[in-house]
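Engineer:
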Amino acid sequence: MTKEELLSKLKTIIEPYVQNQEGFQNISEDTNFIEDLEINSANLVDVILDVEDEFNIEIDNDGMDKMLTVKASIEVIQDKLATK
Amino acid sequence: MTKEQIIEKLPYEAPFLFVDEIEEVDENGVKGSYTLKPDEYFYQGHFKDHPITPGVILTEIMAQIGLVCLGIFTLKEQIDKNTIGVAMSSTVINFYKAVLPGEKVLVKSEKEYFRFNKLKCKVEMFNEEQKLIAKGEIAGMIVGNS
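Taken in order, these protein sequences are the chains called A and B. With our numbering, letter number 43 in the first sequence gets 301, and the count goes up by one each step, no holes. With our numbering, letter number 2 in the second sequence gets 3, and the count goes up by one each step, no holes.
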């Protein structure tokens, strides 16, 4: 899976939880889910659970702690896909 | 952790403690009850001359028994010496019957998941005739404070 495909899938997953639409329109690798998209902590858990289902991977607590930005999330997902 | 210890660990007190008794609890769910006192403070205004238990209070009873008591049981090791921190994050509840002053309500909760400190449950409330009062889903973030 290319990085672009991965980003596109990630965007589809996070969209329903986004409160700041302007932040979502300007999404980049540096976008922070909580600060820029105003996703709350409970919905961040939903994002992680949806990522697990979509990519058929399991995210542990360390992975969850890292997944605060688009860039970090892509790295965690790529890591888990590589070791699957 | 005993059922009494769970109630002691609840971070609420009167007039906002809405758990009298835990009947059953295990890692997958909880059953408990609360009896609405005829002089609960909210009956003074809900409604004028016509006291009926507000839906937000029924939701709170469902959350305190179904989510927070189950959360305390789930995190029992972590909160043995500490207090619990709770933040409700979402509720979707449908209401089917009114609850009048003095009625006893029974809450039954089934865990959907507990991951990354988010507990989500399917929660139902019944009256003493086992008729459904309310039903829905409640989720919250639950952590052991240090």
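We put the beta carbon where it would ideally sit given N, CA and C, even for glycine.
By Cβ distance below 7 Å, which residues in the same chain neighbour M2 of chain B in space, the five residues on each side in sequence not counted?
Structural biologist: Translated into the one-based positions of the second sequence, residue 2 of chain B becomes position 1. So the list reads F74, K77, once near-sequence residues are dropped.
Engineer: Residues in its own chain within less than 7 Å of P12 of chain B by CB, not counting five upstream and five downstream?
Structural biologist: Locating residue 12 of chain B in the second sequence gives position 11, counting from the first residue. Correct list, in chain order: T84, I85, V87.
Engineer: In whole angstroms, what is the alpha-carbon distance linking G72 of chain B and D311 of chain A?
Structural biologist: As a first step, residue 72 of chain B must be located in the second sequence, where it is residue number 71. As a first step, residue 311 of chain A must be located in the first sequence, where it is residue number 53. Those two C-alpha atoms are separated by around 25 Å.
Engineer: Pick from A:E296, A:F313, A:E280, A:K342: whose alpha carbon is nearest that of T327 of chain A?
Structural biologist: Taking the first sequence and counting its residues from 1, the one referred to as residue 327 of chain A is at position 69. That would be A:E296, whose Cα lies nearest to the Cα of T327 of chain A.
Engineer: On the criterion of 16 or more Cβ atoms from any shown chain inside 10 Å, does P274 of chain A qualify as buried, or is it exposed?
Structural biologist: Taking the first residue of the first sequence as position 1, residue 274 of chain A is located at position 16. With fewer than 16 Cβ atoms within 10 Å of its Cβ, P274 of chain A is classed as exposed.
Engineer: Using a cut-off of 7 Å between C-beta atoms, extract the partners of K119 of chain B located in chain A.
Structural biologist: Locating residue 119 of chain B in the second sequence gives position 118, where the first residue counts as 1. Near K119 of chain B (Cβ distances below 7 Å), the residues of chain A are A300, V303.
Engineer: For chain B, check one thing: does any of its Cβ atoms lie closer than 8 Å to the Cβ of L326 of chain A?
Structural biologist: Taking the first residue of the first sequence as position 1, residue 326 of chain A is located at position 68. No - not a single Cβ of chain B is within 8 Å of the one on L326 of chain A.
Engineer: Can you give the Cα-Cα distance for F115 of chain B and K121 of chain B, rounded to whole angstroms?
Structural biologist: Your numbering for residue 115 of chain B matches position 114 in the second sequence. Your numbering for residue 121 of chain B matches position 120 in the second sequence. When rounded, the distance between both Cα atoms is 6 Å.
Engineer: In the DSSP assignment, find the unbroken alpha helix (DSSP H) run with S331 of chain A in it and report its ends.
Structural biologist: Taking the first residue of the first sequence as position 1, residue 331 of chain A is located at position 73. Where S331 of chain A is concerned, the enclosing alpha helix (DSSP H) stretches over 328 to 340.
Engineer: Cβ atoms of Y35 of chain B and V57 of chain B: under 8 Å apart, would you say?
Structural biologist: As a first step, residue 57 of chain B is located in the second sequence; it is residue number 56 there, counting from the start. As a first step, residue 35 of chain B is located in the second sequence; it is residue number 34 there, counting from the start. No; because the gap between Cβ atoms is not below 8 Å, this pair is not in contact.
Engineer: Have a look at K109 of chain B and D40 of chain B and give me their C-alpha separation to the nearest angstrom.
Structural biologist: One-based indexing of the second sequence puts residue 109 of chain B at position 108. One-based indexing of the second sequence puts residue 40 of chain B at position 39. Answer to the nearest angstrom: the Cα atoms are 25 Å apart.
Engineer: Are the beta-carbon atoms of L101 of chain B and I53 of chain B separated by less than 8 Å?
Structural biologist: Residue numbering aside, residue 101 of chain B sits at position 100 when the second sequence is read from its first letter. Residue numbering aside, residue 53 of chain B sits at position 52 when the second sequence is read from its first letter. In contact: L101 of chain B and I53 of chain B (Cβ atoms closer than 8 Å).
Engineer: Using C-beta distances below 7 Å, list every residue in its chain close to L307 of chain A, excluding the 5 sequence neighbours before and after it, in chain order.
Structural biologist: As a working mapping, residue 307 of chain A is identified with position 49 in the first sequence. So no residue of the chain qualifies.
Engineer: Please go through the same chain and pick out, in chain order, the residues whose beta-carbon is closer than 8 Å to the beta-carbon of I335 of chain A, but skip the five residues on each side of it.
Structural biologist: Numbered from 1 along the first sequence, position 77 holds the residue referred to as residue 335 of chain A. Excluding residues within five positions, the ones whose Cβ falls inside 8 Å are L264, L268, V309, F313, I315.
Engineer: Answer with buried or exposed for M142 of chain B, where buried requires no fewer than 16 other C-beta atoms within 10 angstroms of its C-beta.
Structural biologist: The sequence position of residue 142 of chain B within the second sequence is 141, counting from 1. Result: buried.
Engineer: Can you tell me the Cβ-Cβ gap for K324 of chain A and A330 of chain A, rounded? I've got them flagged as a contact below 8 Å.
Structural biologist: Residue 324 of chain A sits at position 66 when you count from the first residue of the first sequence. Residue 330 of chain A sits at position 72 when you count from the first residue of the first sequence. Correct: roughly 5 Å between the Cβ atoms.
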